[in-house]
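The end of the sequence shown is residue 594 by this note's numbering, with every number in the run present.
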Amino acid sequence: MDRRVVVITGVSRGLGHAMLEEFVRRGHVVAGCSRSSVAEVSKKFPSGVFESLDVCDAAAVEKWARRVSEKLGAANLLLNNAALVNENAPLWEVPPEQFGRVIDVNIKGVYHVIRAFVPAMIRKGQGVIVNFSSGWGRSTSPEVAPYCATKFAIEGMTQALAQELPDGLAAVPLNPGVIDTDMLRSCFGDGAGGYPKPEQWAKSAVPFLLSLNERHNGQSLTVSGVPTD
Numbered sequence: 366m367d368r369r370v371v372v373i374t375g376v377s378r379g380l381g382h383a384m385l386e387e388f389v390r391r392g393h394v395v396a397g398c399s400r401s402s403v404a405e406v407s408k409k410f411p412s413g414v415f416e417s418l419d420v421c422d423a424a425a426v427e428k429w430a431r432r433v434s435e436k437l438g439a440a441n442l443l444l445n446n447a448a449l450v451n452e453n454a455p456l457w458e459v460p461p462e463q464f465g466r467v468i469d470v471n472i473k474g475v476y477h478v479i480r481a482f483v484p485a486m487i488r489k490g491q492g493v494i495v496n497f498s499s500g501w502g503r504s505t506s507p508e509v510a511p512y513c514a515t516k517f518a519i520e521g522m523t524q525a526l527a528q529e530l531p532d533g534l535a536a537v538p539l540n541p542g543v544i545d546t547d548m549l550r551s552c553f554g555d556g557a558g559g560y561p562k563p564e565q566w567a568k569s570a571v572p573f574l575l576s577l578n579e580r581h582n583g584q585s586l587t588v589s590g591v592p593t594d
């Protein structure tokens, strides 16, 4: 398979970091961002372009996108993975600041990244945009209403984007499945330990992501077949 340029948000831990490791292991080059330090991944993967930034900061995202374009060219695969979940609580007990932050990162952050990276993909005439949704973007559970709201929004925004893209590109809302991440542990506690680790998930998810193309445009997809051993 030809080397792909893969852009991943939320690359310092969880699914983002697991995908980074697996894409690089398969010979692809990754650019990534994270709110926390990226010094370690920058040192380990010097061929990439890593930036410590908040996806809610449109100017910072645009600056990073220019760095990526100058060094690596247009993305072949853009993965909007960064997200937050609210602390478990009934909707009326969620603090306004927390509700706003979940909305800002999970919806506005995805928009900022699309706005910064997709024009170069359009000029190149190819590429796949994957916006990470959730099972809670297609069904609901109590005490995570803000998160559910954002992931339902990702489903709708991505399908509308798919209708706007020119031939050669695709946009896909992706449910990654249930994985033992810090985010899941904030909701399930120790019960999250019964689900696959991010590194296990990435072994199935990365080849699945690499298989996506313009034929998948607008389809709501789910990663399946994740190993559990």
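A virtual CB, placed ideally from N, CA and C, is assigned to each residue, including glycine.
The three-state reading of DSSP puts threonine 505 in coil, since its state is none of H, G, I, E or B. Around asparagine 453, the same chain offers Glu508, Val509, Ser551, Cys552 as residues with beta carbons nearer than 8 Å, after the five sequence neighbours per side are excluded. Pairing proline 461 with valine 493, the inter-Cα distance amounts to about 34 Å. Counting C-beta pairs closer than 8 Å gives three or more between the segment 381-389 and the segment 566-579, which meets the contact rule. Here asparagine 582 really is in contact with alanine 535; their C-beta atoms are around 4 Å apart, less than 8 Å. Rounded to the nearest whole angstrom, the CA to CA distance from leucine 442 to lysine 428 is 19 Å. Secondary structure of glutamate 452 (DSSP, three-state): coil. Here DSSP, grouped into helix, strand and coil, assigns serine 434 to helix. For the pair cysteine 398 and phenylalanine 415, the CB atoms are nearer than the 9 Å cut-off. The closest CA to that of isoleucine 373, considering only Asp469, Ile468, Ile479, is found on Ile479. As computed with DSSP, phenylalanine 415 is found in a beta bridge with Gly397. Within the same chain, Cβ atoms closer than 6 Å to the Cβ of asparagine 496 are found at Asn445, Val475, Ile519, Thr523, Pro538, the five residues on either side in sequence being excluded. Valine 433 and glutamine 491 have their alpha carbons spaced roughly 17 Å apart. Taking the Cβ atoms as the reference, valine 371 lies roughly 7 Å from alanine 440, within the contact range of under 8 Å.
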